[in-house]
């Protein structure tokens, strides 16, 4: 009976209360889903950080983030939990010159590569295989950028489903083979960001799931449609695309190439912006003074982003939520502050000809201990400095709650047989000019220990053919043996009383065998034996000069220390070399003698100003040097104002202070990495015996110079003067010290 009462009462109540109405549905007012679309634009994309700062200051939560190119980097880092302030600090402290140069620092380069730089200062490298010449896939491999992104995103980079990030995220890239848009929603987050920013030709493509991916701006620079597909109700769109270049900027290949990319992106950007609805918010920062490659102007770009966002504040504030709710949003978004995770496994994925054992010996990642990111970066940079890899990266993995790493060693697609070029040329504007062109052909990783076959072919004032086989004895490449042979034809000037009276042409046939030890990346000791036959005679000038045919047999010992950060215009580090050459008749020499040479270079830098102090000393150690192997001085930065090799003698000393100022700190890829203005003061001379070595017999010299560190080597325009009236102007391409 009780069960019937309740339904009856409900019927009576409804019938007796005609003014009571019940809606068919209940409407719940929820905050709309907000999608943030961050467009591409290179360095101009730093403006996105300014927009994020304004959004946070006004309690505007973000439910989805979609980014292209630089927008993918800023958006990906924010989605992974970094604050706008942290991203801003990183953009302003990153050495963008080093990132865009993408070379390992010389302190981390393997010593053989350092030494090769002196012979081959040209910064371009090619390869050859099956009769074809191969080139790198981009001017920049992306090694430095990759490590930066992996490090910044590390706390959340083990999350492989981008929907599981604090803010669901998508990066837009372009399939290099098909031209299709690729929306990256899973995988390695730093790799996705790097793929989206890989401008073709500038950055090497990123391979993900078997596809070669490049900059997403080629197909969708402002990916509004991708954000809508995620479910966003309202979009906040930030467009930082660069305008078309005016005619004056189209006079170079770089300008023309950049214009082609901008034309390609302009159409798809216009189509995307046309799809915005009245409730969407478009923010367009004023970035007229920030170029797409001017990363050093990050501060200005961020400020422009803030100003543009503030100009849209009335519309943006309609999306604000309460302080309590926004605090809850930030608690979810921010990466937790916690110690680095313990590493339980390290997997090596080696896609290179380098033996696994060699790579493993360069890694110092103890298991069952918290990861030290600084040590990991040093290990990866040291591996990259070996010169065998296009990139060496790491991936943060998590399996069954246990954290670990995957180390990816990616081979150079144009290796392991390499072509290198060296150019040097000089002109003193008085009829004295020389040039040399040298080609280096090196085959690497010929066996598991890393043997190399090095060959040089040079033509010009000095003609050379040489070959060397470099064989390490262990996986650490510490000990080695190096047999070599060479044929060289060289032309030298002969001076008498400051006048050039003849030219000698000498041809040498040499062979040698070195044993050596590399103590670290900065120090090498070589001890070797040399056999040499020299045939020489006058080529031009005095006919009464003798011809000679000489046999040499000697022991050569050389200790080299090299920590310079740059061989052309060093700013930090030091260089020292001690070399002893001992010719002995017991080794087949016609004349027994000793020759000791010492050289020290030490730069000191304050801001953009550098003073490079140098000392070079040569001695015969009391034994007379044969005339064909005397010390010589003269030429640019070696008593500037004199001709090259104008002074010869049994002993030599040269002290030099070279000073220069870097006049431009480049942020883009150009023919010259930097320009310099400066000069030098030089004091030195040559003597026949120690009694002649006095301050009064030394020559004081100096020079004024303009220089450039170019992709084909250092370039100098200089004027030099040595006391006594010697002066000369120089145009010089190549290393001079």
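Residue numbers (our numbering): 1 to 737.
Backbone N, C-alpha and C define an ideal beta-carbon position, used for all residues, glycine too.
Element boundaries [beta strand (DSSP E), containing residue i]
i: residue 85; result: That residue, residue 85, is in no beta strand (DSSP E); its alpha helix (DSSP H) goes 84-93.
i: residue 220; result: Careful: residue 220 lies outside any beta strand (DSSP E) and carries neither H nor E.
i: residue 332; result: Here residue 332 belongs to no beta strand (DSSP E); instead the alpha helix (DSSP H) covers 323-333.
i: residue 468; result: 462-472
Alpha helix (DSSP H) segment containing residue i, residue limits
i: residue 228; result: 224-230
i: residue 98; result: 96-101
i: residue 509; result: No alpha helix (DSSP H) contains residue 509, which is instead part of the beta strand (DSSP E) from 499-520.
Alpha-carbon to alpha-carbon, residue j and residue i
i: residue 283; j: residue 441; result: 53 Å
i: residue 630; j: residue 190; result: 58 Å
i: residue 384; j: residue 351; result: 14 Å
i: residue 602; j: residue 522; result: 14 Å
i: residue 131; j: residue 645; result: 41 Å
i: residue 662; j: residue 685; result: 30 Å
i: residue 669; j: residue 711; result: Residue placement at residue 669 cannot be trusted, given a pLDDT of 45 that sits under 50; what the coordinates show is reported in the next sentence. Rounded to the nearest angstrom, the two C-alpha atoms are 10 Å apart.
i: residue 493; j: residue 546; result: 14 Å
i: residue 695; j: residue 736; result: 25 Å
i: residue 81; j: residue 391; result: 26 Å
i: residue 473; j: residue 658; result: 40 Å
i: residue 708; j: residue 415; result: 29 Å
i: residue 479; j: residue 449; result: 11 Å
i: residue 232; j: residue 278; result: 14 Å
i: residue 455; j: residue 274; result: 60 Å
i: residue 125; j: residue 675; result: 23 Å
i: residue 585; j: residue 593; result: 9 Å
i: residue 381; j: residue 611; result: 28 Å
i: residue 719; j: residue 705; result: 7 Å
i: residue 29; j: residue 261; result: Because residue 29 carries a pLDDT of 42, less than 50, the predicted location of this residue cannot be relied on, and the following value inherits that uncertainty. Their backbone Cα atoms lie some 44 Å apart in a straight line.
Local conformation of residue i per DSSP, three classes
i: residue 190; result: helix
i: residue 303; result: helix
i: residue 720; result: strand
i: residue 601; result: strand
i: residue 23; result: Confidence at residue 23 is low in this model, with a pLDDT of 36, below 50, so the placement of that residue should be treated as unreliable; the coordinate-derived value is given next. Of the three classes helix, strand and coil, the one that applies to residue 23 here is coil, per DSSP.
i: residue 557; result: strand
i: residue 730; result: strand
i: residue 690; result: helix
i: residue 532; result: strand
i: residue 48; result: helix
i: residue 236; result: strand
i: residue 311; result: helix
i: residue 154; result: helix
i: residue 282; result: strand
i: residue 739; result: With the chain covering 1 to 737 only, the question about residue 739 has no answer from this structure.
i: residue 580; result: strand
i: residue 244; result: coil
i: residue 736; result: coil
i: residue 106; result: helix
i: residue 589; result: coil
i: residue 422; result: strand
i: residue 714; result: strand
CB contact flag (residue i, residue j, <9 Å)
i: residue 336; j: residue 373; result: no
i: residue 230; j: residue 35; result: yes
i: residue 98; j: residue 387; result: no
i: residue 640; j: residue 574; result: no
i: residue 142; j: residue 102; result: yes
i: residue 237; j: residue 222; result: yes
i: residue 320; j: residue 608; result: no
i: residue 138; j: residue 69; result: no
i: residue 530; j: residue 555; result: yes
i: residue 347; j: residue 406; result: yes
i: residue 173; j: residue 75; result: no
i: residue 181; j: residue 212; result: no
i: residue 354; j: residue 389; result: yes
i: residue 625; j: residue 634; result: no
i: residue 693; j: residue 651; result: yes
i: residue 743; j: residue 272; result: Because the chain here runs from 1 to 737, residue 743 falls outside it and cannot be looked at.
Assumed close pair residue i, residue j - CB separation to whole angstroms, cut-off 8 Å
i: residue 716; j: residue 636; result: 7 Å
i: residue 435; j: residue 460; result: 5 Å
i: residue 399; j: residue 150; result: That pair is no contact at about 18 Å.
i: residue 296; j: residue 96; result: 6 Å
i: residue 62; j: residue 167; result: 6 Å
i: residue 660; j: residue 678; result: 3 Å
i: residue 56; j: residue 32; result: Their Cβ separation, rounded to whole angstroms, is 18 Å, which puts residue 56 and residue 32 out of contact at 8 Å.
i: residue 37; j: residue 227; result: 5 Å
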